[in-house]
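Count along the sequence shown from 1, add 14, and you get the number used in the working numbering.
Take a look at the structure below.
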Amino acid sequence: MGVIIDGCPPRLEISVDEIQFDLDRRRPGQSKITTPRKEEDRCEILSGVFEGKTLGTPIAILVRNKDTRPQDYAEMSQTYRPSHADATYDAKYGIRNWQGGGRSSARETIGRVAAGAIAKKILKQVADVDIIGYVKRIQTLEGEVDPNTVTLEQVEANIVRCPDAECADRMIELIEQTSRAGDSIGGVVECVARNVPMGLGSPVFDKLEADLAKGVLSLPASKGFEIGSGFAGTLLTGSQHNDEFFVDETGRTRTVTNRSGGIQGGISNGEPIILRVAFKPTATIRKEQNTVTTTGEPTVLAAKGRHDPCVLPRAVPMVEAMVALVLCDHLLRHHGQCGVMTEPLLSTHPVLP
């Protein structure tokens, strides 16, 4: 697996260890509630970095698959998994890689997480942006988490990545119970981006929340997106929902509440960006299910192989990565459009008559 990252600014200090930190959070086999597949997912930087700094040229990163078992998927070469991409891939391309799912496998998110680690570094260095994701809900179990104060250490304190320790224990028990039954469950990842500068995003076709939605909904198994008050905001009146303004002690215009989720009119307003992503239960399960073969014959499938009973714990760094990539893109675009019109630049480069 690999990724090419284009457009990264030069002279950014980056190391393999910084990228590996997030890849380790994503990798399979990390706990008793994830797939038992054992992959180290060690990354190799092939180009774009010299003496620990980015060159401004495309960055190529490679991760080698080592624990593959294509024979586990032999039955799926002729049988469609319910709610998986098998049938739609065949319909579109007329051919598919059935040995693990090909591009519909979550293995492809290695590239996203590796690129996201670099985007996080840029955002932190330029604007002190912190991006923290965590498991908010698994099925009906919902943790109590304050997005304004939650820390990475709290998220990583347990294997399910829910900062609410008491709820985390119940989540782990539920996932194990579901796995023993040969089934799977879904839930919600919440993600907060703090210290995001005002002004990122565009007011029409490239609204910041629209690009964030596209980014996270491109992740495998994602099924829903909301930001700020989300769907719950439809239950309020305008006077109840509006975020009233005030000026803080530093002279910044702020909002008393944050039902907008840090974005208004498609543009960041300086408040924390808070979003949630719904993930469906894993499609490949050991329970018998009715389906059809590639030739249209009815059959029953009880899938073999090593699959997550719940994707949520490993989805956390994936969501963080996509949020980081979108925010970093918009930061660079904002600088390209608006940064050139600063006073120092105008004073040193007068407008020609």
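The C-beta atom is built at its ideal place from N, Cα and C for all residues, glycine as well.
Secondary structure note for residue 197: it is in no beta strand (DSSP E), with a DSSP letter that is neither H nor E. Counting C-beta pairs closer than 8 Å gives three or more between the stretch 229–238 and the stretch 291–298, which meets the contact rule. Here residue 246 is exposed. Its C-beta has fewer than 16 other C-beta atoms within 10 Å. CA-to-CA, the gap between residue 164 and residue 177 works out to about 7 Å.
Secondary structure within the stretch 239–314: the beta strand (DSSP E) runs of 3 or more consecutive residues, fully enclosed, are 259–261, 267–269, 287–293 and 303–306 (chain order). Closest in C-alpha terms to residue 328, from the list 196, 309 and 175, comes 175.
Per DSSP, reduced to three states, the secondary structure at residue 61 is strand. Taking the Cα positions, residue 41 is about 17 Å away from residue 166.
Here residue 184 carries a helix assignment [DSSP, helix/strand/coil]. Taking a cut-off of 8 Å on C-beta distances, the stretch 133–147 touches the stretch 338–352, as three or more cross pairs fall below it. For residue 124, no beta strand (DSSP E) run applies; the uninterrupted alpha helix (DSSP H) run containing it begins and ends at 123–141, by DSSP. In the structure shown, the three-state DSSP call for residue 76 is strand. In the DSSP assignment, residue 330 falls within the alpha helix (DSSP H) that extends over 326–352.
The C-beta of residue 317 has 16 or more other C-beta atoms within 10 Å across all chains shown, which makes the residue buried.
When the five nearest sequence neighbours on each side are left out, the beta carbons in the same chain lying within less than 6 Å of the beta carbon of residue 168 are those of 177, in order along the chain. Comparing alpha-carbon positions, the option among 61, 69 and 98 lying closest to residue 299 turns out to be 98. The criterion of a C-beta distance shorter than 7 Å is satisfied by residue 161 and residue 288. Close CB contacts of residue 279 within its chain, under the 7 Å cut and outside five residues either way in sequence, are with 217 (chain order). Contact between the stretch 61–75 and the stretch 16–27 is present: three or more C-beta pairs spanning the two stretches fall below 8 Å. Looking at the DSSP output, residue 148 shares a beta bridge with 204. Close CB contacts of residue 308 within its chain, under the 6 Å cut and outside five residues either way in sequence, are with 92 (chain order). Annotation for residue 17: the continuous beta strand (DSSP E) segment containing it runs 16–19. Residues 270 of the same chain have their beta carbon placed closer than 6 Å to that of residue 258, with the five preceding and five following residues left out of the count.
The beta-carbon separation of residue 57 and residue 101, rounded to 33 Å, does not stay under the 8 Å limit for a contact. Looking only at 105, 274, 286 and 340, the smallest Cα-Cα distance to residue 220 is reached by 340.
Excluding sequence positions up to five before and after residue 38, its CB lies within less than 8 Å of the CB of 44 and 55, all in the same chain and listed in chain order.
With a cutoff of 7 Å on beta-carbon distance, residue 322 and residue 123 are scored as not near each other. Under the three-state reduction of DSSP output, residue 118 falls in the helix class. Approximately 17 Å separates the beta-carbon atoms of residue 145 and residue 19; this is outside 8 Å, ruling out the contact. Residue 264 sits exposed, since fewer than 16 C-beta atoms from the chains shown fall within 10 Å of its C-beta. In chain order, 259, 260, 261, 262, 284 and 285 place their CB closer than 8 Å to the CB of residue 268, counting only its own chain and leaving out the 5 sequence neighbours on each side.
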